[in-house]
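Shown next, in structure tokens, is the structure this report addresses.
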Amino acid sequence: MTLGESEAVAPPDDAAAAWAHVEVSRHPDRPYSLDLIERCLDDFIELHGDRQGGDDAAVVIGLARLGGQRLAVVANQKGRTLEERGRRNFGMAHPEGYRKAQRLFALAGRLQLPVVSFIDTPGAYPGVAAEERGQAWAIAQTLEAQLALPTPYLAVVIGEGGSGGALATLLADAVLVLEHAFLSVASPEAAAAILFRDAGQKQHAAAALRLEAANLLEWGIADEIVPEPPGGAHTDWDATAALLRPRLEERLRLITERGFDPARRRERYRRLDGLFEA
Amino acid sequence: MSISATYARSQAGPDAGAFTCTACKATYPLAQVAGNLYVCPGCSHHARIGAHERVRQLADRGTFQEWDAALAGTDRLEFFDTRAYVDRLDEARVRQQLPDAILTGQAALQGHQVGLAAFDFGFMGGSLSTAVGERLARAIEHSAEAGLPFVCVTSSGGARMQEGVFSLMQMAKSVAALHRLAEAHLPFISILVDPTMGGSIASFAALGDVILAEPKAMIGFTGARVITQATYEQLPAGFQTSEFHHARGLIDRVVDRRELKEVLAQLLAVLAGPSGEHSQALA
Ligand SMILES: [Zn+2]
């Protein structure tokens, strides 16, 4: 293919804007899940392990309060230092990470705790060991666990929402997306490699996939875009958390207020694309 | 020969009446290979077949009644990569004789009534468009409403990039629909054939009450080439084959295509047969 062909539909301005969005979502100083959990939630207590032999540090689970409300929390976690990035595997979970999330959903159902998830992952880890231990099966079972969860469930995409790995903790009653976060079927690099056979076309892929947060709202995949401080969340973590916390409280209240029913969540994801008659 | 064998036929050599096996390179008369369900008579390699051919192989003759035959999607993102997505769709529709990459309907299988879905890998790699996800979800729901076991033969590369995040959401849609089948206590038999990758195996296809796979099918979340590029890891022998996953407890049985219908009938005889007084007491 030639560059000219893709420019016809993805003019350089669009591609540059789409790419700038991706770069802010991946900014090295962007607050990660634990940074926001610490600032938005009260009394967070981390729990560990999937109870089947693993404790994947790319996924964090725990208990917390938000004002007077008890919560169960699940989050993708990236690392900031070289050591932590390795330990957290850049936020890319193995099957144990998804099974850890399943354990959290089961715990929340049993103890009647609402769940809040924080999504920030490039995707599920693409490695041999992950495949050997059933990566696809682990993700599928986590999708099922979310749709069976009998308690209110709120998801927030805070950075990267990459592919099936992000979907594993996204299928909530309401989905919030930070202004510079995104959700995508594949990373722009992977999409470019598939579509253009050239990962260097990542900017054009980002534009073609229309992965800016605002589109998710228009399409009904997200319920609300949460504003970030001017320039992006990396400029001020406290200000980011101050903007997010009241939205979490309000959204949890709304989910419960209208008469909570997990069947409505399943119906939401059954009808999501809005193209077909019920 | 039916149109449905188009995909297998595309693997035939320059001589339209001949079939050259992609695995052992031996050439056989096409009619002989077709009679052997497109399994190589020499090395038992299972050639890829289209959805129409799959239904022809599994459904009792004359029993298949198609569901949602007119259901087709749209180009929501007005997507253009090296070509317009709408042009790719039009071409695939004509070539594969399907509105999108799946065929669904009700059929009898050795007398057992089932809801049946078959993916068509020749249609844009059997990828998950909104239309494929919708037709799959409806087939699951029709099965639940009619009290039928659901059998799905998956051959899919996963997400359809050209539909972006809408493709991703089909994973959720299919799992939401399966909840209805579970509520009705009806079985889902998932059959994985070459290849079943990405979003398809990471959603509905991995959630079968019973999971079968054809021999040596490639199955996995991330493809081997991407794993090698991303991690430089050495791939173990037989990586991501049906046998590899069976050995790790992820697939119940690896079944030769020539025995598939018989094995399904045996399963259905138990799963959809008389329930017995202890099951009735639970109802
Ligand atoms: Zn052969």
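Just so you know, the protein sequences line up as chains A and B, in that order.
In terms of the working numbering, the first sequence is residues 632 to 909.
In terms of the working numbering, the second sequence is residues 6 to 288.
We put the CB at the ideal spot given by N, CA and C, even for glycine.
Relative to the alpha-carbon of residue i, which residue among the options has its alpha-carbon at the smallest distance?
{"i": "residue 153 (chain B)", "options": "B:100, B:266, B:232, B:194", "result": "B:194"}
{"i": "residue 63 (chain B)", "options": "B:91, B:113, B:192, B:182", "result": "B:113"}
{"i": "residue 767 (chain A)", "options": "B:150, B:197, B:168, B:190", "result": "B:197"}
{"i": "residue 256 (chain B)", "options": "B:233, B:276, B:239, B:206", "result": "B:206"}
{"i": "residue 808 (chain A)", "options": "A:899, A:895, A:849", "result": "A:849"}
{"i": "residue 811 (chain A)", "options": "A:871, A:743, A:889, A:890", "result": "A:871"}
{"i": "residue 130 (chain B)", "options": "B:24, B:285, B:23, B:107", "result": "B:107"}
{"i": "residue 760 (chain A)", "options": "B:277, B:125, B:285, B:249", "result": "B:249"}
{"i": "residue 192 (chain B)", "options": "B:155, B:223, B:177, B:281", "result": "B:155"}
{"i": "residue 900 (chain A)", "options": "B:177, B:135, B:116", "result": "B:177"}
{"i": "residue 188 (chain B)", "options": "A:701, A:695, A:657, A:894", "result": "A:894"}
{"i": "residue 28 (chain B)", "options": "B:221, B:270, B:139, B:56", "result": "B:221"}
{"i": "residue 867 (chain A)", "options": "A:644, A:660, A:647, A:654", "result": "A:660"}
{"i": "residue 787 (chain A)", "options": "A:860, A:855, A:763", "result": "A:855"}
{"i": "residue 212 (chain B)", "options": "B:230, B:143, B:159, B:259", "result": "B:159"}
{"i": "residue 702 (chain A)", "options": "A:794, A:717, A:740", "result": "A:740"}
{"i": "residue 204 (chain B)", "options": "B:23, B:134, B:241, B:278", "result": "B:134"}
DSSP beta-bridge partners for residue i?
{"i": "residue 161 (chain B)", "result": "B:201"}
{"i": "residue 223 (chain B)", "result": "B:246"}
{"i": "residue 71 (chain B)", "result": "B:110"}
{"i": "residue 675 (chain A)", "result": "DSSP output for residue 675 (chain A) lists no bridge partner at all."}
{"i": "residue 146 (chain B)", "result": "DSSP, once it has assigned bridges, lists no residue as partnering residue 146 (chain B)."}
{"i": "residue 692 (chain A)", "result": "A:678, A:705"}
{"i": "residue 179 (chain B)", "result": "The partner list for residue 179 (chain B) (beta bridge, DSSP) is empty, contrary to what the question assumes."}
{"i": "residue 117 (chain B)", "result": "B:114"}
{"i": "residue 791 (chain A)", "result": "A:813"}
{"i": "residue 128 (chain B)", "result": "Paired residues: none, contrary to the question."}
{"i": "residue 34 (chain B)", "result": "B:23"}
{"i": "residue 51 (chain B)", "result": "B:44"}
{"i": "residue 784 (chain A)", "result": "A:746"}
{"i": "residue 195 (chain B)", "result": "B:157, B:216"}
{"i": "residue 122 (chain B)", "result": "B:109, B:157"}
{"i": "residue 805 (chain A)", "result": "A:785"}
Report yes or no: is there a C-beta of chain B within less than 9 Å of the C-beta of residue i?
{"i": "residue 640 (chain A)", "result": "Residue confidence for residue 640 (chain A) is low, a pLDDT of 48 falling below 50, so the modelled location carries little weight; the figure read from the coordinates is stated next. So yes, residue 640 (chain A) belongs to the interface."}
{"i": "residue 634 (chain A)", "result": "Confidence is the limiting factor: at residue 634 (chain A) the pLDDT is only 37, short of 50, which leaves the residue's position unreliable, though a coordinate-based value still follows. No - not a single Cβ of chain B is within 9 Å of the one on residue 634 (chain A)."}
{"i": "residue 637 (chain A)", "result": "With a pLDDT of only 41 at residue 637 (chain A), under the threshold of 50, the placement of this residue in the model should not be trusted; the figure read from the coordinates follows. For residue 637 (chain A), the answer is yes, since a Cβ of chain B falls inside 9 Å of its Cβ."}
{"i": "residue 795 (chain A)", "result": "yes"}
{"i": "residue 906 (chain A)", "result": "yes"}
{"i": "residue 766 (chain A)", "result": "yes"}
{"i": "residue 650 (chain A)", "result": "no"}
{"i": "residue 822 (chain A)", "result": "yes"}
{"i": "residue 716 (chain A)", "result": "no"}
{"i": "residue 858 (chain A)", "result": "no"}
{"i": "residue 758 (chain A)", "result": "yes"}
{"i": "residue 886 (chain A)", "result": "no"}
{"i": "residue 841 (chain A)", "result": "yes"}
Is the closest heavy atom of ligand 1 to the C-beta of residue i under 8 Å?
{"i": "residue 47 (chain B)", "result": "yes"}
{"i": "residue 671 (chain A)", "result": "no"}
{"i": "residue 26 (chain B)", "result": "yes"}
{"i": "residue 283 (chain B)", "result": "no"}
{"i": "residue 658 (chain A)", "result": "no"}
{"i": "residue 50 (chain B)", "result": "yes"}
Would you say residue i reaches chain A, if we count a Cβ-Cβ gap shorter than 9 Å as a contact?
{"i": "residue 248 (chain B)", "result": "no"}
{"i": "residue 270 (chain B)", "result": "no"}
{"i": "residue 284 (chain B)", "result": "no"}
{"i": "residue 262 (chain B)", "result": "no"}
{"i": "residue 189 (chain B)", "result": "no"}
{"i": "residue 265 (chain B)", "result": "no"}
{"i": "residue 204 (chain B)", "result": "yes"}
{"i": "residue 10 (chain B)", "result": "Residue placement at residue 10 (chain B) cannot be trusted, given a pLDDT of 44 that sits under 50; what the coordinates show is reported in the next sentence. Chain A, which has no Cβ nearer than 9 Å to the Cβ of residue 10 (chain B), makes this no."}
{"i": "residue 106 (chain B)", "result": "no"}
{"i": "residue 6 (chain B)", "result": "With a pLDDT of 33 at residue 6 (chain B), under the threshold of 50, the predicted position of this residue should be treated as unreliable, and no value is reported."}
{"i": "residue 81 (chain B)", "result": "yes"}
{"i": "residue 194 (chain B)", "result": "no"}
{"i": "residue 164 (chain B)", "result": "yes"}
{"i": "residue 155 (chain B)", "result": "no"}
{"i": "residue 184 (chain B)", "result": "yes"}
{"i": "residue 253 (chain B)", "result": "yes"}
{"i": "residue 16 (chain B)", "result": "Unreliable placement is indicated for residue 16 (chain B), whose pLDDT of 47 sits below 50; the coordinate value is still reported in the next sentence. By this cut-off, residue 16 (chain B) is not an interface position."}
{"i": "residue 211 (chain B)", "result": "yes"}
{"i": "residue 245 (chain B)", "result": "yes"}
Taking 8 Å as the cut-off, does the CB of residue i come closer than this to any heavy atom belonging to ligand 3?
{"i": "residue 31 (chain B)", "result": "What this structure holds is ligand 1, not ligand 3."}
Please compile the residues from chain C whose C-beta is within a distance smaller than 8 Å of the C-beta of residue i.
{"i": "residue 173 (chain B)", "result": "This model lacks chain C altogether, as its protein chains are A and B."}
Quiz item: Counting only runs that start and end within the segment 698-752 of chain A, where is the alpha helix (DSSP H) found for 4 or more residues in a row?
Solution: 713-719, 726-742
Quiz prompt | Runs of alpha helix (DSSP H) lying entirely within the segment 814-869 of chain A, each at least 4 residues, in chain order | solution = 819-826, 833-840, 844-849
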